[in-house]
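I have placed the structure first, in the form of structure tokens, so that the comments after it can refer back to it.
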Amino acid sequence: MSESERRGPPLRIGIMLDSTTVPAWINRIIEDIRDSDFLHLSLYIINAERKPRRSLFTRIRRRLPTILYVLYSRLDRYLFKQPRDAFEQVEVFVPPHTIDTIRVVPVRRAFEHRFEQCDVEAVRSRNLDVILRFGFNIIRGEILDAAKYGIWSYHHGDNAEYRGVPAFFWEMQENNPVSGTLLQQLTEELDGGNVIYRSYASTDMSS
Numbered sequence: 000m001s002e003s004e005r006r007g008p009p010l011r012i013g014i015m016l017d018s019t020t021v022p023a024w025i026n027r028i029i030e031d032i033r034d035s036d037f038l039h040l041s042l043y044i045i046n047a048e049r050k051p052r053r054s055l056f057t058r059i060r061r062r063l064p065t066i067l068y069v070l071y072s073r074l075d076r077y078l079f080k081q082p083r084d085a086f087e088q089v090e091v092f093v094p095p096h097t098i099d100t101i102r103v104v105p106v107r108r109a110f111e112h113r114f115e116q117c118d119v120e121a122v123r124s125r126n127l128d129v130i131l132r133f134g135f136n137i138i139r140g141e142i143l144d145a146a147k148y149g150i151w152s153y154h155h156g157d158n159a160e161y162r163g164v165p166a167f168f169w170e171m172q173e174n175n176p177v178s179g180t181l182l183q184q185l186t187e188e189l190d191g192g193n194v195i196y197r198s199y200a201s202t203d204m205s206s
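Residue numbering for the sequence shown follows numbering that gives the first Met the number 0, beginning at 0 and increasing consecutively.
Below you can see the structure in the form of structure tokens.
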């Protein structure tokens, strides 16, 4: 019996995205899944929510903390240049006729996203083993059980120590020598998903 026969059929993977333009580190994960012989990328779930139009003053006021952090990040990247930028925006390659794509307009409740029943059934009909979340807001509702092993989400930062954003900034700010990351299966409980894997590394105090 061959190795592939012992493993059984490839796991069917769905990917949740806000756009087909993603940071390079996400695109690398997608490429690794596509190139794998034990995983099958079966479905893209794209967030098609329209962002509400707000006045220029409101947008500036709401985004001021984000703008300040973006300026800080750009300065950091300028001072500590890397040959490969993990946050460079790249376009996900979608091979025609091989990967299904569905566009979902989620039901928003504050910072939550819930899926309409028809969208839940559309995802469930693909018989996915795992959905990887790289988009949408806080996800609640039946969509959490639409894949055999649920929705998995990768988090920059250890939620036992730090919650919220920006990731890894407070570890550096507080001179914490250890930074954590985790992979968890999402549940209805905010920041209380089932931890699949937790990893630790030393903190770079300068960047």
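Think of the CB as a built atom: it goes at the ideal place given N, C-alpha and C, for glycine as much as any other residue.
Rounded separation between residue i and residue j - CA only
i, j, result
"Glu188", "Ser198", "21 angstroms"
"Tyr196", "Ile66", "32 angstroms"
"Phe79", "Ser206", "7 angstroms"
"Arg132", "Asn174", "30 angstroms"
"Leu182", "Gly134", "15 angstroms"
"Asn170", "Gly7", "As written in the sequence, residue 170 is Glu, which differs from the Asn given in the question. Going by the C-alpha atoms only, they are around 42 angstroms apart."
"Val194", "Tyr153", "10 angstroms"
"Gly13", "Glu120", "14 angstroms"
"Gln259", "Leu127", "Any answer about residue 259 is impossible in this case: the structure gives the chain only from 0 up to 206."
"Ile130", "Tyr148", "8 angstroms"
"Asp203", "Asp17", "30 angstroms"
"Ile28", "Arg125", "21 angstroms"
"Arg123", "Ala200", "37 angstroms"
"Asp36", "Gln172", "42 angstroms"
"Glu115", "Leu70", "38 angstroms"
"Leu38", "Ile32", "6 angstroms"
Sub-8 angstroms separation of residue i and residue j beta-carbons
i, j, result
"Glu90", "Thr19", "yes"
"Leu185", "Gly179", "no"
"Pro85", "Ala23", "Correcting the residue identity first, residue 85 is Ala in this sequence and not Pro. Contact flag set, yes."
"Glu138", "His112", "Per the sequence shown, residue 138 should be read as Ile rather than Glu. Yes, the pair counts as a contact, with Cβ atoms nearer than the cut-off."
Collapsed DSSP secondary structure at residue i in the structure displayed
i, result
"Ile66", "helix"
"Arg132", "strand"
"Asp34", "helix"
"Tyr208", "The displayed coordinates of the chain run from 0 to 206. Any statement about residue 208 would go beyond what the structure contains."
"Met0", "Interpretation of Met0 is limited by its pLDDT of 47, a score under 50 that renders its predicted location unreliable; no figure is taken from the coordinates."
"Arg11", "strand"
"Tyr43", "strand"
From the options, residue whose alpha carbon lies closest to that of residue i
i, options, result
"Val106", "Ala121, Gly140, Ala85 and Arg123", "Gly140"
"Asp157", "Asp190, Gln116 and Glu111", "Asp190"
"Glu160", "Pro176, Ala145 and Trp151", "Pro176"
"Phe110", "Asn136, Leu143 and Pro165", "Asn136"
### Message
With a threshold of 8 angstroms, are at least 3 pairs of Cβ atoms found where one atom belongs to the stretch 98-114 and the other to the stretch 33-47?
### Response
yes
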